[in-house]
Amino acid sequence: MDTVGPAKADLALTGEGADNTQALTYPRIDCKNVSVYYDDKQAVFDVSLAIHDRAVTALIGPSGCGKSTFLRCLNRMNDTIEGAKVTGDIFMEGENINSPDVDPVLLRSRVGMVFQKPNPFPKSIYDNIAYGPRIHGMVDGRDDLDAVVEKSLRRAGLWDEVKDRLTQPGTSLSGGQQQRLCIARAIAVRPEVILMDEPCSALDPIATARIEELIDELRKRYCIVIVTHSMQQAARVSQRTAFFHLGNLVEMGDTDQIFTNPRVRRTEDYITGRFG
Ligand SMILES: Nc1ncnc2c1ncn2[C@@H]1O[C@H](COP(=O)(O)OP(=O)(O)OP(=O)(O)O)[C@@H](O)[C@H]1O
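Residue 219 in UniProt numbering is what sits at position 219 of the sequence shown, and the numbering runs on without skipping anything.
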């Protein structure tokens with residue numbers, strides 16, 4: 001095994017692909033032996049890991065290593081891709097979300113998703129936020145809905161910028177504001193988990209810094225999983241990091257440990273820029 005550092009003895013107990021460190025908080029999601037296939041090609045291999053609540057978990061690794069594919073397992077988005085098949089178990093609150101009894105639409109309100117490119121609905125700023133709570137029957141009348149819209153926009157750090165233009169289209173906002181609108185939209189349906197797939201890759205450095213501050217604020221209330229190509233971003237925003245390579249989980253641990261004292265040689269080679 002290609003290990004580095006002083007921790008070889010621990011690896012006898014844990015091994016590559018294991019979660020090496022003590023929990024910062026209790027797990028919100030527990031993944032057991034998750035594999036994903038696109039037709040007959042396997043993209044994710046037997047991944048087991050626990051994702052902690054009220055913390056940001058970063059998924060890092062070279063292009064094509066399966067980060068986004070794995071992320072999509074967490075709210076069954078792979079169900080929407082023809083030819084994709086997921087095996088293994090993913091427990092949330094003790095319930096296996098891969099069970100056929102689980103309604104993927106309801107699941108996606110519990111596990112919201114923010115994409116690479118901001119994708120507001122072609123609706124007003126207000127209706128972008130109001131849509132989810134309305135269709136899920138989560139509000140009782142207009143005052144209640146107004147309160148949810150305001151609270152969600154406040155939590156996403158956007159309220160002050162949009163409170164006087166709620167009827168304007170969501171698409172009239174800047175890219176960074178649109179991404180915060182999408183985060184507010186995810187928050188509005190009271191999710192437990194927020195998945196983010198490279199949420200800053202379409203944004204400039206100032207808008208990126210704003211989203212990173214927001215992620216840091218949101219982690220006090222939510223379980224957040226973020227895919228990022230930027231190791232600096234992973235180091236800045238996450239408390240836990242999982243390193244993927246060729247569809248395998250190589251190593252997972254507290255972010256400080258992964259970046260300063262990785263246990264597996266491949267992790268060190270990746271974070272020091274020797275490949276990727
Ligand atoms: N819809 C799909 N159909 C077939 N193969 C796919 C599909 N999506 C991804 N793959 C393949 O699965 C593997 C993992 O891709 P994935 O997008 O999950 O990697 P990634 O680590 O997120 O990459 P990147 O950092 O470039 O976004 C790759 O080989 C990719 O070509």
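In this text, a Cβ means the ideal position worked out from N, Cα and C, and glycines have one as well.
The structure presented is a predicted model; accordingly, all values stated were derived computationally and were not measured.
**Report entry** For residue 90 and residue 147, the rounded distance between their alpha carbons
**Finding:** 34 angstroms
**Report entry** Simplified DSSP state of residue 141, which is helix, strand or coil
**Finding:** coil
Query raised in the report: What's the C-alpha gap between residue 83 and residue 38?
Result: 5 angstroms
Requested in this report: Quick one: residues in its chain with C-beta nearer than 7 angstroms to the C-beta of residue 21, no 5 flanking neighbours on either side, listed in chain order?
Outcome: At residue 21, the pLDDT of 47 sits below 50, so the modelled position is not reliable; the number obtained from the coordinates is stated separately. Once the five neighbours on either side are set aside, the close Cβ partners of residue 21 are 253, 254, 257.
Report task. If I'm right that residue 74 touches residue 225 with Cβ under 8 angstroms, what's the distance once you round it to whole angstroms? Result -> 6 angstroms
Query - Which residues DSSP lists as bridging residue 31, in chain order - result: 49, 90
Query raised in the report: Under 9 angstroms, do residue 191 and residue 110 count as touching if we go by C-beta distance?
Result: yes
Query - Assigned secondary structure, residue 251 (DSSP; H/G/I helix, E/B strand, else coil) - result: strand
Requested in this report: State whether the stretch 194 to 203 contacts the stretch 110 to 121, with contact taken as three or more CB pairs (one from each stretch) at a distance under 8 angstroms.
Outcome: yes
**Report entry** Continuous beta strand (DSSP E) assignments of at least 3 residues falling wholly in the stretch 140 to 212
**Finding:** 193 to 197
Report task. Report the three-state DSSP secondary structure of residue 59 (helix, strand or coil). Result -> strand
Query raised in the report: What residues in its chain sit with their C-beta under 6 angstroms from that of residue 248, if we drop five residues either side in the sequence?
Result: 45
Query raised in the report: What is the DSSP secondary structure of residue 65, reduced to helix, strand or coil?
Result: coil
Query raised in the report: Using the C-alpha atoms, what's the distance from residue 86 back to residue 209?
Result: 34 angstroms
Query raised in the report: Curious, which full-length beta strand (DSSP E) runs of at least 3 residues does the stretch 97 to 135 contain?
Result: 111 to 114
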